[in-house]
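In the working numbering, the protein residues as written are 314 to 476.
Note that the Cβ used here is the ideal one computed from N, Cα and C, for glycine as well.
Keep in mind the model is a prediction, meaning the values are calculated, not measured.
Below is one structure; the comments refer to it alone.
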């Protein structure tokens with residue numbers, strides 16, 4: 314009977330181990346609900362691109378309300394673009410968002426007007442821009458410092474698919 318168990322172990326063991334590897338996975342399995350709908354570039358005043366990311370576009374009330382809530386991780390290559398109907402100093406918050414973010418407020422002319430760096434996870438404190446905004450980009454905490462974003466940075470974005 315022991316040779317049968319040994320044979321089964323030899324045959325089944327590799328199958329079990331194969332199921333435990335991450336080979337072939339995209340690395341986005343932890344991006345709950347992330348819909349890659351376009352790209353966004355952060356651009357220096359000179360026109361040089363600082364960084365381009367994939368974006369999920371939140372342009373409805375429901376999408377803006379949900380935002381990145383409950384998101385467990387976010388790479389430096391992804392973010393969420395919030396598109397608002399009006400230009401104002403509307404606030405953002407971190408309610409139900411367990412990871413710290415950099416929140417980039419952007420004017421209608423695509424210039425960054427304010428950056429809230431390394432926001433506090435799960436906080437219900439309002440984060441209000443210093444000037445009116447039309448767009449907001451949420452990215453991983455540390456992104457703004459790592460890629461050199463400033464108030465003179467501009468954004469260019471393209472929607473590649475509509476949800």
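Next item on the list: Report, in whole angstroms, the separation of the C-beta atoms of residue 394 and residue 387, which I expect to be a contact under 8 angstroms.
Entry: Contact flag wrong, Cβ pair sits at about 13 angstroms.
Next item on the list: Mind checking which residues open and close the beta strand (DSSP E) that includes residue 379?
Entry: Unbroken run through residue 379 is the alpha helix (DSSP H), 374-379; no beta strand (DSSP E).
Item checked: Alpha carbon of residue 348 to alpha carbon of residue 418, nearest angstrom -> 21 angstroms
Next item on the list: Look up residue 458 in the DSSP assignment and say whether it is helix, strand or coil.
Entry: helix
Checklist line | Beta-carbon proximity list for residue 461, same chain, < 6 angstroms, skipping 5 on both sides | finding: 363
Margin query: Do residue 371 and residue 415 count as a contact pair if the criterion is CB distance below 8 angstroms?
Written below: no
Margin query: Here's the rule: buried if 16 or more other CB atoms are within 10 angstroms of the residue's CB, otherwise exposed. What is residue 402?
Written below: Exposed: under 16 other Cβ atoms inside 10 Å.
Check: DSSP beta-bridge partners for residue 410?
Finding: Paired residues: none, contrary to the question.
Checklist line | Which of helix, strand or coil DSSP assigns to residue 466 | finding: coil
Checklist line | Neighbourhood of residue 435 by C-beta, 8 angstroms cutoff - its chain only, sequence neighbours within 5 removed | finding: Excluding positions up to five away in sequence, the list reads 407, 408, 409, 410, 411.
Next item on the list: Could you tell me if residue 468 is buried or exposed, where buried requires 16 or more neighbouring beta carbons within 10 angstroms of its beta carbon?
Entry: buried
Next item on the list: Note down the Cα distance separating residue 470 from residue 355, rounded to an integer number of angstroms.
Entry: When rounded, the distance between both Cα atoms is 9 angstroms.
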